[in-house]
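Residue numbers (the working numbering): 20 to 496. Even for Gly, the Cβ is constructed at its ideal location relative to N, Cα and C. This structure is a prediction, so every number in the text was calculated from the model and none was measured. Heads up: the structure comes next, in structure tokens.
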């Protein structure tokens, strides 16, 4: 089947509106019409003619923005209709189910249960509003089911097109899972062990994406409880180990979520087996928590321990929305939101000692998602991950730019975050510092509490702080 395009690719293929005059002020281009209506407050003049002219200018710009939004969504509809027409008959039959699944996935996202990283700005804006509505609704009606109706036609069109776009991705995910299942059937016929179904990167319904063969579940769950928590087997009491083994085989494999601990109460294991498992799990979690605190202690006035705080999905969404709003407000006011201005003051002799990677080629909200993923999972050595010095000698920038593939021979700095190594170290060995742009200043305290092993530095304090770090290292030599 044809691979779905990203929102950015889709946007490039959408023809521009030809008949719309360029009456939109630069600071309002790319901003939703709803936001522009709030931001653009006309000045009041003594001269009534000026007031009339200003009101007409504002109205013309708003109409042009709204027309552009409508044309954009119409073009999306045409593209997806063409894509649908090229689907094979069996996938056309499956498409209504894929649309339903896409709706479920969006509901999970709205409720903070799932992240979607490839949203276009207009999709992010509409879903952000729905998240706010959902949160307000649940405050007043915690026990009632949530439903919504978008009052603005453009928002409804954006949402409908997003459902269609995700439906194609669901189809692709199901096809890839089906291919893996067929391969496992062949393996079983040949007497070869089946492989776990790989769903990473696929957009498929949660209950269907997380089915694995029963024996793999048993082995995987032992691994999850006894190994993946970074705890030595000897820390488990032998009687707990025995009880754990006894309880595993009773689980219903078709209900087990991959990568999550087995919930024996949910899967119908008897009370004795569940209690044995629960004791084991509680014990492991207790030891893990103690080890985590020990490894993430920050010292202030002695050996005081500071426990890491977890950033929940709703925390991340709140921080993303705050940064997005701040960015749009800054653009509307003619300001610039990027790290370049503050980091331009870094002494190149200091900057060249830090291996760096800038998160800059994705939207501001998604930059936080990518940052958290890298901090949680680390840098995958099996995947391309390009780094460059934070700063270099001015005369070398052109040559290094060609060699490293960056414009100025240094890491990208125009985004929300720049990851840094230790001085004279390599970023692949671990993220030690993160420079934070002003769009995310309000997230600094929460990020620092969640990742105490990493130092988060405000962009406007970076030149001074990096100089201090380098000086401290040099004094020890």
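Pull up the distance between the alpha-carbon of residue i and that of residue j, whole angstroms please.
i	j	result
residue 429	residue 146	35 Å
residue 206	residue 390	39 Å
residue 202	residue 190	18 Å
residue 50	residue 156	27 Å
residue 470	residue 439	14 Å
residue 401	residue 446	14 Å
residue 59	residue 83	14 Å
residue 78	residue 64	17 Å
residue 167	residue 88	22 Å
residue 480	residue 472	19 Å
residue 92	residue 208	49 Å
residue 144	residue 408	35 Å
residue 108	residue 177	27 Å
residue 376	residue 405	7 Å
residue 141	residue 173	10 Å
residue 128	residue 336	10 Å
residue 44	residue 90	19 Å
residue 399	residue 152	37 Å
residue 69	residue 56	19 Å
residue 81	residue 383	25 Å
residue 136	residue 392	11 Å
DSSP state of residue i, grouped into three classes?
i	result
residue 238	Low confidence applies to residue 238: its pLDDT is 37, below 50, so where it sits in the model is not reliable enough to give any reading.
residue 9	With the chain running from 20 to 496 in the structure shown, residue 9 is simply not present.
residue 402	coil
residue 474	strand
residue 469	helix
residue 488	helix
residue 334	helix
residue 342	helix
residue 498	Outside the modelled stretch of the chain, which goes from 20 to 496, sits residue 498, for which no answer is possible.
residue 370	helix
residue 211	coil
residue 407	strand
residue 430	coil
residue 375	strand
residue 481	helix
residue 362	helix
residue 137	coil
residue 163	coil
Could you give the first and the last residue of the continuous beta strand (DSSP E) run that contains residue i?
i	result
residue 200	Residue 200 -> not in any beta strand (DSSP E); alpha helix (DSSP H) instead, spanning 172-208.
residue 169	Element bounds for residue 169: n/a, residue is neither H nor E.
residue 450	Per DSSP, residue 450 belongs to no beta strand (DSSP E) and is neither H nor E.
Could you tell me how far apart the beta carbons of residue i and residue j are, in whole angstroms, since I believe they sit closer than 8 Å?
i	j	result
residue 462	residue 338	4 Å
residue 435	residue 466	In fact, because the Cβ distance is near 11 Å, the residues do not count as touching under 8 Å.
residue 477	residue 452	That belief does not hold up - the Cβ atoms of residue 477 and residue 452 are roughly 12 Å apart, past 8 Å.
residue 169	residue 365	That belief does not hold up - the Cβ atoms of residue 169 and residue 365 are roughly 46 Å apart, past 8 Å.
residue 458	residue 342	4 Å
residue 182	residue 122	6 Å
residue 372	residue 442	5 Å
residue 192	residue 332	Rounded, the Cβ-Cβ distance is 21 Å, inconsistent with contact.
residue 199	residue 217	7 Å
residue 450	residue 394	7 Å
residue 180	residue 96	6 Å
residue 433	residue 370	That pair is no contact at about 16 Å.
So the alpha helix (DSSP H) residue i belongs to, where does it begin and stop?
i	result
residue 153	140-159
residue 439	Looking at the DSSP string, residue 439 is not in any alpha helix (DSSP H); the run it does join, the beta strand (DSSP E), is 436-439.
residue 446	Looking at the DSSP string, residue 446 is not in any alpha helix (DSSP H), and its letter there is neither H nor E.
residue 456	Counting along the chain, residue 456 falls outside any alpha helix (DSSP H), and DSSP gives it neither H nor E.
residue 383	383-396
Any beta carbon of chain D sitting closer than 8 Å to that of residue i?
i	result
residue 439	Structure shown: chain D not included; a single protein chain is present.
Uninterrupted alpha helix (DSSP H) stretches inside the segment 40-79 (no shorter than 4 residues): With a minimum length of 4 residues, the continuous alpha helix (DSSP H) runs that stay inside the segment 40-79 are 52-58.
Completely contained alpha helix (DSSP H) runs for the segment 72-133, where each covers 4 or more residues: Complete alpha helix (DSSP H) runs here, min 4: 108-129.
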